[in-house]
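Heads up: the structure comes next, in structure tokens.
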Amino acid sequence: MPDIEIVDLFAGPGGLDVAAKHLGLTATGIEWDDGAKATRKAAELGTEPGDVRNFGPEKFDDANVLAGGPPCQTYTVAGTGSGRRALEDVLGFAERMAKGEDVRSDLTRLDDVRTGLVLEPLRWALAAIEQGRAYDAIILEQVPAVLPVWVAMGKILESVGYSVDHGVLRAEQFGVPQTRRRAILIARRREVGAAKMPKPTHRPFRKGVPREAGDPSLKPWVPMREVVKRPQAYEVVSNYGTGGDPKARGRRTCFEPSATVTGKISRNRVVALDGRELDRFSHGEAGQLQTFPEGHPWRGRDVAQQIGNAIPPVLAAHVLAAALDLEHEVLAKAVDELSGGRITV
Ligand SMILES: C[S@@+](CC[C@H](N)C(=O)[O-])C[C@H]1O[C@@H](n2cnc3c(N)ncnc32)[C@H](O)[C@@H]1O
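Residue numbers (the working numbering): 8 to 352.
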């Protein structure tokens with residue numbers, strides 16, 4: 008592959024772009040939120056401020072890779088309801104776009120603007136082909152419920168010359184000290200090579216199963232205390248009970264990976280194992296659970312939301328390395344730098 012330049016749509020504080028930087032790649036992220044832009048500036052990440060819908064591939068003519076994590080509705084495939092209707096809307100528009108229709112004015116009339124946003128990466132991919140500058144690789148990331156959208160987009164990308172792979176990855180299987188699951192799509196122009204998802208390097212976490220147990224060809228999952236070191240052992244108590252039952256509140260000890268880090272992480276209590284209340288996670292600590300480097304310069308308002316929105320940079324490094332066929336040593340060096348040597352590949 009030639010020099011790699013990424014244009015990252017809905018770039019947030021830059022989970023993917025921080026990974027790209029440590030992999031030695033160039034990335035420009037399009038983002039409109041003031042807080043995320045302030046963090047990006049402090050972290051010296053390339054940024055085009057503004058609304059993704061107002062730009063197109065022609066403005067980023069050196070970019071040969073497209074990435075994006077658009078804000079999305081929740082799509083439920085089973086059953087009826089708004090989730091399924093939202094999915095039908097998206098798929099209907101995607102098919103019209105694949106036939107070459109410009110659906111932008113119709114999208115502005117929809118009640119939920121997120122329907123249009125999730126289609127933006129497809130608009131960019133098709134426009135780039137039209138302009139004779141097809142992206143060599145495309146990488147999309149979102150919550151698992153968005154997988155049916157990636158499957159539909161994958162079929163369209165296959166019909167216009169891409170090899171596509173998609174699936175739901177478990178962050179802890181890539182050494183992230185967190186059991187976050189994410190739906191990923193990787194597409195590569197067929198002339199460039201076949202698309203393939205990254206292979207897990209670590210074992211999946213199962214409550215109560217020791218980290219030493221399981222597939223001996225994989226490394227044990229990484230516990231929270233490996234990255235968030237406190238003088239004493241601790242337990243994180245989620246603010247939410249499953250099904251609204253406070254007794255069912257999620258608990259993870261520092262000897263386990265964190266539950267999914269969300270924008271509400273500051274509501275989680277941190278307690279010593281003897282029950283004493285400890286300081287809640289700082290932004291720096293929450294960022295490290297997401298595998299942002301120690302000392303990452305968080306800025307602006309609603310930092311917790313910025314952190315919760317991001318793809319963990321270590322997971323992003325694995326996804327980028329698979330999508331761009333990077334050398335193992337390049338990935339290993341990036342993960343080592345991101346984690347201060349605490350996570351290996
Ligand atoms: C799920 S987050 C993406 C996080 C990012 N992938 C990362 O790893 O840090 C979605 C981001 O899209 C931004 N956003 C939403 N609508 C936008 C638009 N129309 N134009 C630009 N940015 C937008 C939000 O401010 C938010 O930061």
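A virtual CB, placed ideally from N, CA and C, is assigned to each residue, including glycine.
Proximal residues to residue i (C-beta, below 6 Å), its chain only, five neighbours per side dropped
i: A105; result: I163
i: D281; result: none
i: A323; result: G22, L23 and A26
i: V277; result: Y241, V243, L285 and R287
i: H29; result: A341, E344 and L345
Start-to-end residues for the alpha helix (DSSP H) that takes in residue i
i: R335; result: Per the sequence shown, the amino acid found at residue 335 is His instead of Arg. Looking at the DSSP string, the run of the alpha helix (DSSP H) that includes H335 is H335 to S346.
i: G42; result: D41 to A49
i: S166; result: L154 to S166
i: V321; result: P320 to A330
i: H290; result: H290 to L296
i: E233; result: M231 to V234
i: G99; result: S89 to A105
i: R111; result: R111 to T115
Residues near residue i by beta carbon distance below 8 Å, same chain, minus five either side
i: R60; result: R111, G123, L124 and E127
i: F62; result: I37 and E55
i: R174; result: Note on residue identity: the sequence assigns Gly, not Arg, to residue 174. Excluding positions up to five away in sequence, the list reads L154, A190, I191 and M204.
i: E219; result: P227
i: T186; result: R177, A178, E179, F212, P264, S265, A266 and T267
i: S273; result: R287, F288, A293 and A311
i: R306; result: G42, A45, T46, K48 and A49
Spatial distance of residue i from residue j (CA atoms)
i: P77; j: Q149; result: 7 Å
i: L345; j: G182; result: 12 Å
i: Q312; j: G19; result: 10 Å
i: R232; j: G348; result: 14 Å
i: D40; j: G168; result: 34 Å
i: I318; j: V235; result: 18 Å
i: A141; j: A330; result: 15 Å
i: D24; j: R283; result: 38 Å
i: P64; j: D113; result: 21 Å
i: K271; j: D286; result: 15 Å
i: P217; j: V243; result: 19 Å
i: D58; j: L16; result: 9 Å
i: R103; j: D109; result: 8 Å
i: H209; j: R177; result: 10 Å
i: T33; j: A279; result: 42 Å
i: R47; j: G200; result: 32 Å
i: R308; j: G42; result: 5 Å
i: V171; j: R195; result: 7 Å
i: A144; j: K340; result: 22 Å
i: Q138; j: E198; result: 18 Å
i: H335; j: P207; result: 13 Å
i: A70; j: D118; result: 32 Å
i: A45; j: I314; result: 13 Å
i: A74; j: L147; result: 6 Å
i: L333; j: A202; result: 13 Å
i: T260; j: G31; result: 35 Å
i: V135; j: G302; result: It is Ala, not Val, that sits at residue 135 in the sequence shown. Cα to Cα, the separation comes out at about 37 Å.
i: D343; j: F262; result: 21 Å
i: R92; j: P223; result: 44 Å
i: L133; j: R258; result: 45 Å
i: R121; j: T115; result: 10 Å
i: W157; j: S166; result: 14 Å
i: I409; j: W131; result: Residue 409 lies beyond the stretch modelled for the chain, which goes from 8 to 352, so this question has no answer here.
Any C-beta of chain C under 7 Å from that of residue i
i: L176; result: Any reference to chain C falls outside this structure, which holds one protein chain only.
Beta-carbon contacts of residue i that lie in its chain and below 7 Å, excluding the five residues immediately before and after
i: P184; result: V229, P230, M231, E233, V234, P264, S265 and L296
i: F366; result: Lying before the first or after the last residue shown, residue 366 is absent from the chain, which here runs from 8 to 352.
i: T81; result: G90 and A152
i: L129; result: A101, M104, M160 and I163
i: N246; result: K271, R274 and N275
i: A27; result: I13, A34 and L327
i: L353; result: Missing from the structure shown is residue 353; the chain here goes from 8 to 352 and no further.
Limits of the beta strand (DSSP E) - the one that residue i falls within
i: Q149; result: A144 to Q149
i: S170; result: Y169 to R177
i: V278; result: R276 to A279
i: I136; result: Unbroken run through I136 is the alpha helix (DSSP H), R121 to E137; no beta strand (DSSP E).
i: V14; result: E12 to L16
i: E55; result: G53 to P56
i: A266; result: Neither: A266 is in no beta strand (DSSP E) and is coded neither H nor E.
i: E38; result: T33 to E38
i: G307; result: First-last for G307: undefined, no H or E at that position.
i: V25; result: First-last for V25: G22 to H29, but that is the alpha helix (DSSP H), not the beta strand (DSSP E).
i: A190; result: R188 to R196
i: V72; result: V72 to G75
heavy atom of ligand 2 below 6 Å from residue i C-beta
i: I13; result: You won't find ligand 2 in this model; what it holds is ligand 1.
Next item on the list: Report yes or no: do three or more beta-carbon pairs, one from the segment 86 to 99 and one from the segment 33 to 51, lie closer than 8 Å?
Entry: no
Margin query: With three or more C-beta pairs closer than 8 Å as the rule, is the segment 205 to 214 touching the segment 292 to 310?
Written below: no
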